[in-house]
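Scroll down for the structure; my scribbles are underneath it.
Protein chains: 2
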Amino acid sequence: MSRRLVLASASPARLRLLQQAGFDVEVMASGVDEDGVDTTDTRVAVTALAEMKADAIATRVTDALVIGCDSLLDLDDRAIGKPRSPAEAAAICRAQRGRTGTLMTGQCVIDTVTGKRVSAVGETLVRFGHLSDAEIDAYVATGEPLEVAGSFTLDGFSAPFIEGIDGDPSNVIGLSLPLLRRQLAQLDIRITDLWR
Amino acid sequence: MSRRLVLASASPARLRLLQQAGFDVEVMASGVDEDGVDTTDTRVAVTALAEMKADAIATRVTDALVIGCDSLLDLDDRAIGKPRSPAEAAAICRAQRGRTGTLMTGQCVIDTVTGKRVSAVGETLVRFGHLSDAEIDAYVATGEPLEVAGSFTLDGFSAPFIEGIDGDPSNVIGLSLPLLRRQLAQLDIRITDLWR
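Top to bottom, those sequences are chains A and B. The first sequence begins at 13 in this note's numbering and counts up by one. The second sequence begins at 13 in this note's numbering and counts up by one.
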């Protein structure tokens, strides 16, 4: 039995993850204001934002599975989102090089048929390489870090700068596919039934 | 200074990795016969194949950086390549579920200008989820496992079945980008100079 799948996020990286994994997905951006959320606790913040996004879309669709996600990088118990300027992007890259952070993705799935809802946080350790100042300058000049939480991504120019991860790679890109499989199982849905 | 980059592999996943990371790449399949290589030792096998592929292309191009790669999954000291039939794919999936293997990618880079050559093996732990028999049957029916070493991939239908990894995710897809950065540094080339 196939189901309508709705991604409550405008992120092209999340959409690509779902498409590469064989799902047909509709995109509906939630318009949730991310700046309004308290980020004192990174886990609490990504959970709240994921749920707000999923809730906002779930009220507007029927017969759908709605997925809301939000990602932040936690470094030294500080939540790092998208940098607001090239200078801030460079500062984040310098603070991260040679160190390990935790990419946290809040993920909320709502079945609008049953009204059931599941929510969890995926956590993946990210080991940053030892970037030179010249590499940081070149990376910031690409413009990419301004578009991604923590000023890096696994599926772009910065991939060679991430020495390794411990955990799920899709979680780092913004939507954890193994977590989605477990969440769907909680909703009595087999992920293989959603393949196109 | 930009350089001509040649991928000695017909793998669309490796090409996509390089393109997503910002490189313009030419593809030249090497025609190396992978079945002729002794796979008693997985590390030795992927190294030999990566070097054979890079060597085969390096003799045919000028002014280029040639990248040769080969990937095998090591499970219990046994090398697992692409399955030869749906039945073998299913047997591999059943043997792997709930367990941890090591994806090994041999990677050889040759600078045809200087004649210098560097070669290394990237290793990433892969933790397989507990798949049901129904999930394995559905996955084999997609045809995907027949195209990939170890009967799984991170960038396709099987992504939700990989609970996590420890190491570099691009290495699992077939070409380690952080290893490439270090190999280029050994050849006195900055990876940021190769961005388009």
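Just so you know, even glycine gets a beta-carbon here, dropped at the ideal spot from N, CA and C.
Backbone secondary structure at residue 49 (chain A) - three-state DSSP: For the purposes of this step, residue 49 (chain A) is taken as the residue at position 37 of the first sequence. Here residue 49 (chain A) sits in coil by DSSP.
Residue 119 (chain A) and residue 167 (chain B) closer than 9 angstroms at C-beta: Stepping through the first sequence from its first residue, residue 119 (chain A) is reached at position 107. Stepping through the second sequence from its first residue, residue 167 (chain B) is reached at position 155. Contact flag unset, no.
Of the residues B:17, B:173 and B:162, the one placed nearest residue 73 (chain B), counting alpha carbons only: Counted from its first residue, the second sequence places residue 73 (chain B) at position 61. Answer by Cα proximity: B:17.
6 angstroms CB neighbourhood of residue 196 (chain B) in its chain, flanking five on each side removed: Sequence index remark: in the second sequence, residue 196 (chain B) carries index 184 (1-based). In the same chain as residue 196 (chain B), and ignoring 5 residues on each side of it, the C-beta atoms closer than 6 angstroms to its own belong to 203, in chain order.
Member of B:133, B:149, B:179 and B:96 whose CA lies at the smallest distance from the CA of residue 205 (chain A): Your numbering for residue 205 (chain A) matches position 193 in the first sequence. Residue B:149 is the option with its Cα nearest to residue 205 (chain A).
Inter-stretch contact (C-beta, 8 angstroms, three-pair minimum) for the stretch 101–114 of chain A and the stretch 135–147 of chain A: Enough Cβ pairs lie closer than 8 angstroms, so yes.
Cβ pair residue 174 (chain A), residue 138 (chain A) closer than 9 angstroms: Here residue 174 (chain A) refers to the residue found at position 162 of the first sequence. Here residue 138 (chain A) refers to the residue found at position 126 of the first sequence. Yes; because the gap between Cβ atoms is below 9 angstroms, this pair is in contact.
DSSP three-state assignment for residue 88 (chain A), whether helix, strand or coil: Taking the first residue of the first sequence as 1, we reach residue 88 (chain A) at position 76. When secondary structure is reduced to three states using DSSP, residue 88 (chain A) falls in the coil class, being assigned neither helix nor strand.
Continuous beta strand (DSSP E) stretch holding residue 122 (chain B): start and end: Position 110 of the second sequence, counted from the first residue, corresponds to residue 122 (chain B). Residue 122 (chain B) -> beta strand (DSSP E) spans 112–123.
Candidates A:78, A:40, A:131 and A:98, of which the one nearest residue 60 (chain A) by Cα: Walking along the first sequence from the start, residue 60 (chain A) turns up at place 48. Among A:78, A:40, A:131 and A:98, the Cα nearest to that of residue 60 (chain A) is on A:131.
9 angstroms Cβ cutoff met for residue 57 (chain B) and residue 84 (chain B): Within the second sequence, residue 57 (chain B) is the residue found at index 45, counting from 1. Within the second sequence, residue 84 (chain B) is the residue found at index 72, counting from 1. Result yes, Cβ atoms of residue 57 (chain B) and residue 84 (chain B) sit closer than 9 angstroms.
Buried or exposed (CB count within 10 angstroms, at least 16 for buried), residue 126 (chain A): As a first step, residue 126 (chain A) must be located in the first sequence, where it is residue number 114. Taking a 10 Å sphere around the C-beta of residue 126 (chain A), we find fewer than 16 other C-beta atoms and assign the residue as exposed.
Residues that residue 175 (chain A) contacts on chain B, provided the C-beta gap is smaller than 8 angstroms: Looking up residue 175 (chain A) in the first sequence gives position 163. Chain order gives the chain B residues near residue 175 (chain A) as 180 and 190, where near means a beta carbon separation below 8 angstroms.
Collapsed DSSP secondary structure at residue 19 (chain A) in the structure displayed: The sequence position of residue 19 (chain A) within the first sequence is 7, counting from 1. Residue 19 (chain A) carries a strand assignment under DSSP once its states are collapsed to helix, strand and coil.
CB contact flag (residue 170 (chain B), residue 81 (chain B), <9 angstroms): Position 158 of the second sequence, counting from 1, holds the residue named residue 170 (chain B). Position 69 of the second sequence, counting from 1, holds the residue named residue 81 (chain B). No. Outside cutoff.
Which of helix, strand or coil DSSP assigns to residue 141 (chain A): By 1-based counting over the first sequence, the position of residue 141 (chain A) is 129. It is coil, neither helix nor strand.
Of the listed residues B:63, B:151 and B:67, nearest to residue 99 (chain B) (C-alpha basis): As a first step, residue 99 (chain B) is located in the second sequence; it is residue number 87 there, counting from the start. Scanning B:63, B:151 and B:67 for the CA closest to the CA of residue 99 (chain B) turns up B:151.
Option in A:102, A:29, A:34 and A:53 with minimal Cα separation from residue 155 (chain B): Within the second sequence, numbered from 1, the residue matching residue 155 (chain B) stands at position 143. Among A:102, A:29, A:34 and A:53, the Cα nearest to that of residue 155 (chain B) belongs to A:34.
Continuous beta strand (DSSP E) stretch holding residue 203 (chain B): start and end: Residue numbering aside, residue 203 (chain B) sits at position 191 when the second sequence is read from its first letter. Counting along the chain, residue 203 (chain B) falls outside any beta strand (DSSP E), and DSSP gives it neither H nor E.
Buried versus exposed, by CB contacts within 10 Å (16 or more), residue 26 (chain A): Residue 26 (chain A) sits at position 14 when you count from the first residue of the first sequence. With 16 or more Cβ atoms within 10 Å of its Cβ, residue 26 (chain A) is classed as buried.
Three CB pairs or more closer than 8 angstroms across the stretch 42–51 of chain A and the stretch 176–183 of chain B: Flag = no, the stretch 42–51 of chain A and the stretch 176–183 of chain B do not touch.
Distance between residue 86 (chain A) and residue 208 (chain A) (C-alpha atoms, nearest Å): Indexing the first sequence from 1 puts residue 208 (chain A) at position 196. Indexing the first sequence from 1 puts residue 86 (chain A) at position 74. In this structure, the alpha-carbon of residue 208 (chain A) lies about 35 angstroms from that of residue 86 (chain A).
Top-ranked residue by Cα proximity to residue 179 (chain B), from B:37, B:199 and B:116: The sequence position of residue 179 (chain B) within the second sequence is 167, counting from 1. Closest option to residue 179 (chain B), Cα to Cα, is B:116.
In chain order, each beta strand (DSSP E) run of at least 3 residues that lies wholly inside the stretch 143–205 of chain B: You should have 174–179.
Supposed close pair residue 28 (chain A), residue 201 (chain A) - CB separation, criterion 8 angstroms: Here residue 28 (chain A) corresponds to residue number 16 of the first sequence, with the count starting at 1. Here residue 201 (chain A) corresponds to residue number 189 of the first sequence, with the count starting at 1. Contact flag wrong, Cβ pair sits at about 22 angstroms.
Beta-bridge pairing of residue 39 (chain B) - partner residues as DSSP gives them: For the purposes of this step, residue 39 (chain B) is identified with residue 27 of the second sequence, where counting begins at 1. Partner(s): B:19.
Nearest-angstrom beta carbon gap, residue 24 (chain B) and residue 189 (chain A) [assumed within contact, 8 angstroms]: For the purposes of this step, residue 189 (chain A) is taken as residue 177 along the first sequence, with counting starting at 1. For the purposes of this step, residue 24 (chain B) is taken as residue 12 along the second sequence, with counting starting at 1. About 20 angstroms; that fails the 8 angstroms criterion.
Candidates A:88, A:39 and A:129: closest to residue 199 (chain A) by CA position: If you number the first sequence from 1, residue 199 (chain A) lands on position 187. Out of A:88, A:39 and A:129, the CA that lies nearest to the CA of residue 199 (chain A) is found in A:129.
Alpha carbon of residue 68 (chain A) to alpha carbon of residue 75 (chain A), nearest angstrom: Within the first sequence, the letter at position 56 stands for residue 68 (chain A). Within the first sequence, the letter at position 63 stands for residue 75 (chain A). In a straight line, the C-alpha of residue 68 (chain A) is about 15 angstroms away from that of residue 75 (chain A).
Reduced DSSP category for residue 102 (chain B) - H, G, I as helix; E, B as strand; rest coil: Numbered from its first residue, the second sequence carries residue 102 (chain B) at position 90. Helix.
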